[in-house]
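What follows is one structure encoded as structure tokens, with my remarks underneath.
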Amino acid sequence: CVILAVQPANVDFHNSQILADAHEVDPETRRTIPVITKPDLIDDGAEGGVKKLLLGEEVNFEMGFHMVKCRNQKDLNDSVSMADGMRKETKFFNSVVPWKDLDKDLFG
Numbered sequence: 010c011v012i013l014a015v016q017p018a019n020v021d022f023h024n025s026q027i028l029a030d031a032h033e034v035d036p037e038t039r040r041t042i043p044v045i046t047k048p049d050l051i052d053d054g055a056e057g058g059v060k061k062l063l064l065g066e067e068v069n070f071e072m073g074f075h076m077v078k079c080r081n082q083k084d085l086n087d088s089v090s091m092a093d094g095m096r097k098e099t100k101f102f103n104s105v106v107p108w109k110d111l112d113k114d115l116f117g
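Per this note's numbering, the sequence shown runs over residues 10 to 117.
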């Protein structure tokens, strides 16, 4: 069994109930994959802290953190397809600092 602990990037991970719950049932973090969503909503200047988290410098999980940028409400209202949404996600992670300089296996 794998636990996906999904949390928006603009929410404080240090006070995260989902990570606390994951630690309770998986104290060695062997089965938990933390997924950070909505990186486009990170407050200006807070990217460094989220980057440290993504790289496992703040909290370590055996399978590591991952980050996704799914379609937003406007995309859904505009009927943006999944394929186009994935292209937009790839473009975002390839062009936005600090994500563009990180290992692409962390994204998507």
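Every residue gets a Cβ at the ideal spot worked out from N, C-alpha and C, and that includes glycine.
- Annotation for L13: the continuous beta strand (DSSP E) segment containing it runs 12-17.
- The beta carbons of A31 and A14 sit about 4 Å from each other, so the pair counts as a contact at 8 Å.
- About 6 Å separates the CB atoms of V89 and R80; that is less than 8 Å, so the two are in contact.
- For V59 against I45, the beta-carbon gap comes to about 7 Å, under 8 Å, which counts as contact.
- For I45, the enclosing beta strand (DSSP E) stretches over residues 41-46.
- Judged by their CB atoms, V11 and R39 are not nearer to each other than the 7 Å cut-off.
- P107 is classed as exposed because its beta carbon has fewer than 16 other beta carbons within 10 Å across all chains shown.
- Counting only the Cα atoms, D87 lies some 31 Å from F22.
- Residues of the same chain with a CB within less than 8 Å of the CB of F101, apart from the 5 flanking positions on each side, are P48, D49, K78, W108 in chain order.
- By the neighbour-count criterion, in which a residue is buried when 16 or more other Cβ atoms sit within 10 angstroms of its Cβ, L85 is exposed.
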